[in-house]
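Q: Residue numbers (this note's numbering), protein chains in the order written: chain A, 1 to 214; chain B, 215 to 428; chain C, 429 to 642; chain D, 643 to 856.
We treat Cβ as the ideally placed atom computed from N, Cα and C, and that holds for glycine.
Since the model is a prediction, treat every value here as computed from it, not as a measurement.
First the structure, then my questions, so here it is.
Protein chains: 4
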Amino acid sequence: MSSLIATSGAPSPPLRALAFNCSLKPAQRPSSTGAMLGDVRDALAAHGVETDIVHAAAHNILPGTRSDEGPGDDWPALRARVMAADIVVIGSPIWIGQPSSIAKRVLERMDAFIAETGDDGRMPSYGKVGAVAVVGNEDGAHHVGGEIYQALNDLGFSLAPNAMAYWVGAARSAEEYRELKPVPPSTMDATQLMVRNAVHLARLLQQSAYPPKA
Amino acid sequence: MSSLIATSGAPSPPLRALAFNCSLKPAQRPSSTGAMLGDVRDALAAHGVETDIVHAAAHNILPGTRSDEGPGDDWPALRARVMAADIVVIGSPIWIGQPSSIAKRVLERMDAFIAETGDDGRMPSYGKVGAVAVVGNEDGAHHVGGEIYQALNDLGFSLAPNAMAYWVGAARSAEEYRELKPVPPSTMDATQLMVRNAVHLARLLQQSAYPPKA
Amino acid sequence: MSSLIATSGAPSPPLRALAFNCSLKPAQRPSSTGAMLGDVRDALAAHGVETDIVHAAAHNILPGTRSDEGPGDDWPALRARVMAADIVVIGSPIWIGQPSSIAKRVLERMDAFIAETGDDGRMPSYGKVGAVAVVGNEDGAHHVGGEIYQALNDLGFSLAPNAMAYWVGAARSAEEYRELKPVPPSTMDATQLMVRNAVHLARLLQQSAYPPKA
Amino acid sequence: MSSLIATSGAPSPPLRALAFNCSLKPAQRPSSTGAMLGDVRDALAAHGVETDIVHAAAHNILPGTRSDEGPGDDWPALRARVMAADIVVIGSPIWIGQPSSIAKRVLERMDAFIAETGDDGRMPSYGKVGAVAVVGNEDGAHHVGGEIYQALNDLGFSLAPNAMAYWVGAARSAEEYRELKPVPPSTMDATQLMVRNAVHLARLLQQSAYPPKA
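Following this line, the structure appears as structure tokens:
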């Protein structure tokens, strides 16, 4: 077969990223998840991708699995920002070894994409790339990543390899990512790798969408 | 930017798939995982993709995390078949709600890809698409999928949306997928969706590899 | 050694249970999680145990991991009800194969027990028995159970064998537990088994507490 | 009610523990899982409990979910040692953030307990206490614990609070538990806590079994 991608002289539009900071803390308090997402944003910027960061706890995201849960629901406006993004990053702290309740809430609201699958078999999220950023005092990043990967995959997102930026301290440590100076080079490497792969995949999907159901 | 993909008159080589049947049963006994992988193979064939199916329990895959664990190890030959594939499907039954020990063994052996990361920051598996096929009497497919997604993602595979073909019966059911006549249309739909997306992503990555570390 | 339990003529006080309904729905809408918790309550009543059911979504449980997150926080009153219970049941629906955000919120608030560990090495929750009740249209009960078991275990609860009452339909089913008439006998058996074991363990721990740190 | 436990002048028999070392390495190579199980054994000995340690990779545990998978199967002899134990510890390394394939194999073979449930509704494992010991270079202990808790709970074991002894290094660390000198006090504390609670629960269950189905 020949190339899937019709080449033309016109440049592709720039990619856009949206990152949810799913810290349990109010926006005004410093969060390690926020520090990690700052590093992710910088890495994305180096690829020419602008990142919109949402501090989820500052919004009233009602419980439910529809795209609009009625009066007072801040999700419809956030959903519009998801729709405008090519790359969606779920940033979560680790509590009890698991993703935060706020990360879970954001994912639940995207469950509506399943009901919104088109007649062509594609969800509104098809073509978007998912990624994860996780920090904790100790232990749990890979599991938090795994839970979020599974949810994002079910919800129509694609995942490039090594789709997680993360840091955790040693067992029973109380270290905080936001206080690490400098961030360990191996952590910066993982962040840059995650971003490099996500950007590549997002560009491919921008140029060549998943096919509709025959 | 212009297209990532250099178009030429030459056709792309056909895609190849490898599926591991990680049933606990010997190859000669009928397995529901095998029945599901047969459906996956048929769906891949409709896209012109040939599938090589490995009954993992019929091979002596030694414990360890290196690409060759020494005398008697069947993994090096299987690894060569992984390397030849564009799409790798992990087919697992559900036991105690979790992936089989044999699925875990196959994934562990691919852990060697991490140590084999090139100076350019890419694992030998980069460019391959992962997928999952799961069957069980009851309950557990999404978790089995989630565990395998996380492992495949760590190990360098890309995941298209809805990367799992699956079937389970109702709570505490003893039904067997291989005895369902016909397979429920919603299950066939999920299988075809998984395959359609995986094939699209594999073609994109065949034409445009993840970039090396700068 | 002789018996751990000092026998006396005085009867033990009756056991009390608290169940959280972690449905995403408002309290006034019928929920399958609520139907399952009704069955759990009936089974507990047959053992002389009274059950207090909390519809968590009807309370303003603020995000955080302290026992009191300040003005407007309904958790301190709920925490007092947890403290009064011998058996704590987390009832969760399954969304995207995972526990609900509300179940996660309830567990996060009990994370404070870790910081409240006494000088004797025991958390405020020591001596309490945890249990799980899960319902979903399809697939995911064992994983939801597993996530909640791990959290409850970290948070100081004990688990009797088969600590989950559950029901799910077959793959991609849209059946609702609350509409099943009758509930399948195998589901009722599992519910009664969960309750029988939890009650036995709670009585043992009521009579003989975990020992303090030497 | 009065005490569940009939007191008598006769001392209870001593408790016995069985620990599976589910390292991927041959028995003759030093393993961090083995080092952790040595610490668990010492902590159990301080409570008068003798521990039988099985290096699972040194046995031919055939794939399957029956108590005897036929000629060459070493499980029947290991199963007898499980049956003789009051406390069963699953010791697993972390690979790709998950339990080892060998830990999974051991758990799968205990799946037979479900089919062996007596007419009284009790599995052969009822009355036994489960526990977990996990080590890894980095990240994953709580998830490995969670997977094993869920399996052990399904398979009839009881879990005391804080049922996991564990150690992991910081993100992307290559430290080995067996080379830590000394083991961090917080890790020794967790190991002793796990053991203290498991022993207490095992003594209670030795004196007062879960009741049969009415």
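1) Contact criterion: CB-CB distance below 8 Å. Does C:TRP503 meet it with respect to chain E?
2) Might you give, ordered along the chain, the residues of its own chain that have their beta carbon closer than 8 Å to the beta carbon of A:PRO14, omitting 5 neighbours on each side?
3) Short of 8 Å Cβ to Cβ, which residues in the stretch 304-338 of chain B face chain A?
4) Using the beta-carbon of each residue, which ones in chain B are nearer than 7 Å to A:GLU147?
5) Tell me, to the nearest whole angstrom, how far the beta carbon of A:VAL106 is from that of A:ILE94; I am working on the premise that it is less than 8 Å.
6) If I follow the unbroken beta strand (DSSP E) through D:PHE662, where does it start and stop?
7) Specify whether the stretch 275-286 of chain B and the stretch 392-399 of chain B touch according to this definition: at least 3 beta carbon pairs, one from each stretch, less than 8 Å apart.
8) Let me know if C:SER451 comes out buried or exposed under the rule of 16 or more other beta-carbons within 10 Å of its beta-carbon.
9) How many whole angstroms separate the CB atoms of D:ALA802 and D:ALA840, which I take to be in contact at a CB cut-off of 8 Å?
10) Kindly indicate if chain B contains any beta-carbon less than 8 Å away from that of C:ALA591.
11) Using 8 Å as the cut-off, can you tell me whether the stretch 838-856 of chain D makes contact with the stretch 761-768 of chain D, which would need three or more C-beta pairs spanning the two stretches below that distance?
12) Quick one: give me the first and last residue of the alpha helix (DSSP H) that B:ILE266 is part of.
13) Taking only beta carbons into account, state which residues of the stretch 252-283 of chain B come closer than 8 Å to chain D, listed in chain order.
14) So, is the C-beta of D:LEU666 closer than 8 Å to a C-beta in chain B?
15) With distances taken between CB atoms, is the gap from C:GLY597 to B:ALA384 smaller than 8 Å?
16) How big is the Cα-Cα spacing for C:PRO458 and B:MET250?
17) With a threshold of 8 Å between beta-carbons, can C:VAL596 be considered close to chain B, or not?
18) Mind checking whether A:ILE102 and A:ALA56 have CB atoms under 8 Å apart?
19) Unbroken beta strand (DSSP E) runs of length 3 or more, entirely within the stretch 124-184 of chain A: which are they?
20) Got a sec: is the Cβ-Cβ distance from B:ASP368 to anything in chain D below 8 Å?
21) I need the DSSP call for A:GLY118, collapsed to helix, strand or coil.
22) DSSP three-state call for D:SER674: helix, strand or coil?
23) Given a limit of 8 Å on CB to CB distance, which residues of the stretch 197-213 of chain A reach chain B?
24) Going by other Cβ atoms of all chains shown within 10 Å of its Cβ, with 16 needed for buried, is D:PRO713 buried or exposed?
25) Measuring CA to CA, which of A:MET194, A:PRO99, A:THR191 and A:ALA80 is closest to A:GLY146?
26) Just checking: is the beta-carbon of C:ALA569 within a distance shorter than 8 Å of some beta-carbon in chain B?
27) Answer with buried or exposed for D:GLN849, where buried requires no fewer than 16 other C-beta atoms within 10 angstroms of its C-beta.
28) Give me the Cα-Cα distance between B:PHE327 and C:ALA512, rounded to the nearest whole angstrom.
29) At which residues does the beta strand (DSSP E) containing A:SER67 begin and terminate?
30) Any C-beta of chain D sitting closer than 8 Å to the C-beta of B:GLN406?
31) How would you call A:ALA115, buried or exposed, if buried means at least 16 neighbouring beta carbons within 10 angstroms?
32) Is it buried or exposed, B:SER216, if we count other Cβ atoms within 10 angstroms and call 16 or more buried?
33) Is the beta carbon of B:THR247 less than 8 Å from the beta carbon of B:SER306?
34) Which value, in whole angstroms, describes the spacing of the CA atoms of D:ASN702 and D:ALA661?
35) Could you check whether the Cβ of C:ARG600 sits closer than 8 Å to any Cβ belonging to chain B?
36) Leaving out five residues before and five after C:GLU536 in sequence, what residues of the same chain have Cβ atoms less than 8 Å from its Cβ?
A: So, to answer that:
1) No chain E is present in this structure, whose protein chains are A, B, C and D.
2) GLY48, VAL49 and GLU50
3) GLY335 and MET337
4) GLY360
5) That pair is no contact at about 16 Å.
6) 658-663
7) no
8) buried
9) 5 Å
10) no
11) Using a Cβ-Cβ distance cut-off of 8 Å, the stretch 838-856 of chain D and the stretch 761-768 of chain D are in contact, since at least three pairs of beta carbons, one from each stretch, lie closer than that value.
12) Here the sequence assigns Asp to residue 266 of chain B, which means Ile is not the residue at that position. First-last for B:ASP266: 264-269, but that is the beta strand (DSSP E), not the alpha helix (DSSP H).
13) ALA271, PRO277, GLY278 and THR279
14) yes
15) yes
16) 37 Å
17) yes
18) Yes, they are a contact pair.
19) 129-138 and 164-169
20) yes
21) coil
22) helix
23) Residues ASN197, HIS200, LEU201, ARG203, LEU204, LEU205, GLN207, SER208, TYR210, PRO211 and LYS213.
24) exposed
25) A:PRO99
26) yes
27) buried
28) 52 Å
29) No beta strand (DSSP E) holds A:SER67; DSSP gives it neither H nor E.
30) no
31) exposed
32) Unreliable placement is indicated for B:SER216, whose pLDDT of 46 sits below 50; the coordinate value is still reported in the next sentence. By the 10 Å Cβ count, B:SER216 comes out exposed.
33) Yes, Cβ-Cβ distance for B:THR247 and B:SER306 is below 8 Å.
34) 17 Å
35) yes
36) Cβ within range, chain order: PRO491, GLY492 and THR493.
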